[in-house]
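Numbering (the numbering used here), first residue to last: 10 to 508. By construction, the Cβ of each residue, glycine as well, lies at the ideal position given by its N, Cα and C atoms. First comes the structure, then the notes that go with it.
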């Protein structure tokens, strides 16, 4: 799909052209007669027998302070990840890596749902426990990716659509029996034909999933490719979501039992005019307020897939939750949570604990962004390039008054790698946020402690020390492994000389 595929000028067909999911190609027709005698009776579909369970599942996944771990990579994609650390794409290696993820101690404190690939849903851990059972034990709702990938859409301009509706009912029934309780399907489209096809397929998938007892994630994928501005993205997003909810209504989907994953409204990836988090929030909220029906209540989730927003992703999510809006907004991460974990593991069994710690640090780093918080900037407040505000000394407060710490480790790592900032890492549950000092200036730790928060400093020191020790242990294990290999090699050579 070309980089400008989303921005084609094809208009979305007017709603008057839709009748029972079909398209009328007679724009001149203004009146449709429906004879009262010969007209067929309307059959209204009864509510799903799983209605109460769907709402319960939705609330569990959308619980404040937690997000979704997307680990639904296909075997081919998982193979690429494994190849990056020198492992073959075998079922045993995939099983070992997935076991590492689902068995991370305390993962349920930060993750409410995990999207699985079909192989993982039926897979067991290396010690013989079902992966679904391990997730449930951690209070994590298992989910399943149900689509079968993208295929060319006939009659379109080199566009694709998501296949998998054929046999979906029987597959989802089997997934439910296996323990899955929510589902994911990602169509994408750009032209009027593609958007309608994707929206209709998304609605059919949602209706079928609810009939079986699975909560559907409604996620029309709007690509960020191109150099278009934020206004063009907003225009396209409005049309896409209008189509989606039109067809959801046509298919009698119960909106109380769905999860939404709309993309944030941002400029194209190649656009020179970058948007501030405040602008992104303004456009995104305007989109949601115009397109989400009132029947979708405030306590249901809107999860944003922000892996592809790079630097500003966490800032946008944090700004979204600070703004007045009726929805709970959280994250659905794949690479952002897994990359460091995968590299730390490296396929070495002795590194599992260190890799799991890395996963938990990443998940914990999103805590404030997934909670509605009050951000109170301190006196030392600078501005990072692009208008992103970076507060050196701030507080975050939950609605009930409990204060907590926030840190976006990935963004900090990126900034430091680019030479844009020096920083001090602080991980503690107390009021102050000290992720880094912009512009290369160092933060005075003694001055910080003089403010009467010695506990915060000690907690930060301890957390930093624990992380450093974990890294040293992992490095030592790798050195010992290499050393053992060298010893064996020398012993073999000595034996050969003696012989």
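Exercise. Which residues share a DSSP beta bridge with residue 237?
Worked result: Position 228 of the chain shown, counted from the start, is the residue given in the question as residue 237. According to DSSP, which records beta bridges pairwise, residue 237 is partnered with nothing at all.
For this session: Thinking residue 212 and residue 256 are a contact (beta carbons under 8 Å), I'd like their distance in whole angstroms, please.
Result: Here residue 212 refers to the residue found at position 203 when the chain shown is read from its first residue. Here residue 256 refers to the residue found at position 247 when the chain shown is read from its first residue. Contact flag correct, Cβ pair sits at about 4 Å.
Exercise. Span of the alpha helix (DSSP H) holding residue 273?
Worked result: For this step, residue 273 is matched to residue 264 along the chain shown. Element bounds for residue 273: n/a, residue is neither H nor E.
Exercise. CB-CB under 8 Å to residue 154, same chain, minus the five flanking residues each way: which ones, in chain order?
Worked result: The count along the chain shown starts at 1 and reaches residue 154 at position 145. Excluding positions up to five away in sequence, the list reads 81, 124, 125, 126, 127, 192, 193 and 194.
Problem set entry | Bridge partner(s) assigned by DSSP for residue 191 | As a working mapping, residue 191 is identified with position 182 in the chain shown. Its beta-bridge partners are 152 and 224.
For this session: Go through its chain and collect everything with a Cβ distance to residue 62's Cβ below 7 Å, but skip five positions before and after it.
Result: Walking along the chain shown from the start, residue 62 turns up at place 53. Once the five neighbours on either side are set aside, the close Cβ partners of residue 62 are 222.
For this session: Determine the closest residue to residue 259 out of 210, 74 and 189, with distance taken between C-alpha atoms.
Result: Working through the chain shown from its first residue, we reach residue 259 at position 250. Nearest of 210, 74 and 189 to residue 259, Cα basis: 210.
For this session: Find out if the Cβ-Cβ distance for the pair residue 277, residue 235 is shorter than 7 Å.
Result: The residue labelled residue 277 in the question sits at position 268 within the chain shown. The residue labelled residue 235 in the question sits at position 226 within the chain shown. Closer than 7 Å, so yes.
Exercise. Do residue 304 and residue 264 come within 7 Å of each other at the CB atom, strictly closer than that value?
Worked result: What you label residue 264 is simply residue 255 of the chain shown in a count that begins at 1. What you label residue 304 is simply residue 295 of the chain shown in a count that begins at 1. Contact flag set, yes.
Exercise. Which one of 271, 224, 370 and 129 has the shortest CA to CA distance from residue 345?
Worked result: Locating residue 345 in the chain shown gives position 336, where the first residue counts as 1. Measuring from the Cα of residue 345, the nearest candidate turns out to be 370.
Problem set entry | For residue 133: DSSP bridge partner residues | Numbered from 1 along the chain shown, position 124 holds the residue referred to as residue 133. Residue 133 is bridged by DSSP to 139.
Problem set entry | Per-residue DSSP class, three states only, for residue 5 | No answer is possible for residue 5: the residues shown for the chain start at 10 and end at 508.
For this session: Inspect the beta-carbon positions of residue 145 and residue 105 and report whether they are closer than 7 Å.
Result: Counted from its first residue, the chain shown places residue 145 at position 136. Counted from its first residue, the chain shown places residue 105 at position 96. Their beta carbons are not under 7 Å apart, which means residue 145 does not touch residue 105 by this criterion.
For this session: Using the Cα positions of residue 329 and residue 288, report the straight-line distance between them to the nearest angstrom.
Result: Position 320 of the chain shown, counting from 1, holds the residue named residue 329. Position 279 of the chain shown, counting from 1, holds the residue named residue 288. Each residue's alpha carbon lies about 10 Å from the other.
For this session: Throw me the rounded Cβ distance for the residue 122 and residue 150 pair, which I believe falls under 8 Å.
Result: Reading the chain shown from its first residue, position 113 is the one you call residue 122. Reading the chain shown from its first residue, position 141 is the one you call residue 150. Indeed they touch by this definition, with Cβ atoms about 4 Å apart.
For this session: Rounded to whole angstroms, what's the CA-CA distance from residue 190 to residue 237? Just pull it up for me.
Result: Looking up residue 190 in the chain shown gives position 181. Looking up residue 237 in the chain shown gives position 228. For residue 190 and residue 237, the distance between alpha carbons rounds to 38 Å.
Exercise. What is the residue span of the beta strand (DSSP E) that residue 548 lies within?
Worked result: A query on residue 548 cannot be resolved here, the shown segment of the chain reaching from 10 to 508 and no further.
Exercise. Using a Cβ-Cβ cut-off of 7 Å (strictly less than) and excluding sequence neighbours within five positions of residue 275, which residues of its own chain qualify?
Worked result: For this step, residue 275 is matched to residue 266 along the chain shown. 233, 239, 242, 284, 289 and 318.
Exercise. Looking at residue 91 and residue 98, is the spacing between their C-beta atoms short of 7 Å?
Worked result: One-based indexing of the chain shown puts residue 98 at position 89. One-based indexing of the chain shown puts residue 91 at position 82. Taking a C-beta distance under 7 Å as the contact criterion, residue 98 and residue 91 qualify as a contact pair.
For this session: Label residue 53 either buried or exposed according to how many other C-beta atoms from any shown protein chain fall within 10 Å of its C-beta, with 16 as the threshold for buried.
Result: Residue numbering aside, residue 53 sits at position 44 when the chain shown is read from its first letter. Interpretation of residue 53 is limited by its pLDDT of 44, a score under 50 that renders its predicted location unreliable; no figure is taken from the coordinates.
Problem set entry | residue 75 beta carbon less than 7 Å from that of residue 120 | Numbered from its first residue, the chain shown carries residue 120 at position 111. Numbered from its first residue, the chain shown carries residue 75 at position 66. Contact: yes.
For this session: Put residue 179 into one of helix, strand or coil per three-state DSSP.
Result: Here residue 179 is taken as the residue at index 170 of the chain shown, counted from 1. It is helical.
Exercise. If you follow the alpha helix (DSSP H) that residue 70 is part of, which residue opens it and which one closes it?
Worked result: Your numbering for residue 70 matches position 61 in the chain shown. In this chain, the alpha helix (DSSP H) harbouring residue 70 covers 60–70.
Problem set entry | Pairwise C-alpha distance: residue 273 and residue 295 | Looking up residue 295 in the chain shown gives position 286. Looking up residue 273 in the chain shown gives position 264. Between residue 295 and residue 273, the C-alpha separation is close to 11 Å.
Exercise. On the three-state DSSP scale, how would you describe residue 123?
Worked result: In the chain shown, counting from the first residue as 1, residue 123 sits at position 114. In this structure, residue 123 counts as strand in the three-state DSSP scheme.
Exercise. Cα separation between residue 302 and residue 478?
Worked result: Walking along the chain shown from the start, residue 302 turns up at place 293. Walking along the chain shown from the start, residue 478 turns up at place 469. The alpha-carbon atoms of residue 302 and residue 478 are separated by roughly 51 Å.
Problem set entry | Reduced DSSP secondary structure (H/G/I, E/B, other) of residue 281 | As a first step, residue 281 is located in the chain shown; it is residue number 272 there, counting from the start. Residue 281: coil per DSSP, three-state reduction.
For this session: Take residue 359 as the anchor and find which of 270, 483, 282 and 340 has the nearest alpha-carbon.
Result: One-based indexing of the chain shown puts residue 359 at position 350. When each option's Cα is compared against that of residue 359, the closest is 483.
Exercise. Taking Cβ positions, are residue 79 and residue 368 nearer each other than 7 Å?
Worked result: Translated into the one-based positions of the chain shown, residue 79 becomes position 70. Translated into the one-based positions of the chain shown, residue 368 becomes position 359. Between residue 79 and residue 368, the C-beta gap is not smaller than 7 Å, which leaves the two residues out of contact.
Exercise. Is residue 157 helix, strand or coil when you go by DSSP?
Worked result: Counted from its first residue, the chain shown places residue 157 at position 148. Of the three classes helix, strand and coil, the one that applies to residue 157 here is coil, per DSSP.
For this session: Find the nearest neighbour of residue 343 within the set 71, 72, 86 and 70, judged by alpha-carbon distance.
Result: For this step, residue 343 is matched to residue 334 along the chain shown. Of 71, 72, 86 and 70, the residue nearest in Cα terms is 86.
Exercise. In whole angstroms, what separates the C-alpha of residue 245 from that of residue 227?
Worked result: Position 236 of the chain shown, counting from 1, holds the residue named residue 245. Position 218 of the chain shown, counting from 1, holds the residue named residue 227. Rounded to whole angstroms, residue 245 to residue 227 spans 17 Å at the Cα level.
For this session: Starting from residue 361, follow the alpha helix (DSSP H) in both directions and report where the run begins and ends.
Result: Here residue 361 refers to the residue found at position 352 when the chain shown is read from its first residue. Taken as a continuous stretch (DSSP letters only), the alpha helix (DSSP H) holding residue 361 covers 361–373.
For this session: Report the option in 481, 220, 279 and 298 whose CA atom is closest to the CA atom of residue 509.
Result: Residue 509 lies beyond the residue range present for the chain, which begins at 10 and ends at 508; the question has no answer from this structure.
For this session: Verify whether the separation of the beta carbon atoms of residue 252 and residue 204 is less than 7 Å.
Result: Along the chain shown, read from residue 1 onward, the residue named residue 252 stands at position 243. Along the chain shown, read from residue 1 onward, the residue named residue 204 stands at position 195. In this structure, residue 204 lies closer than 7 Å to residue 252 by Cβ.
Exercise. Terminal residues of the continuous alpha helix (DSSP H) containing residue 4?
Worked result: The structure shown does not extend to residue 4, since the chain is modelled only from 10 through 508, so no value can be given for it.
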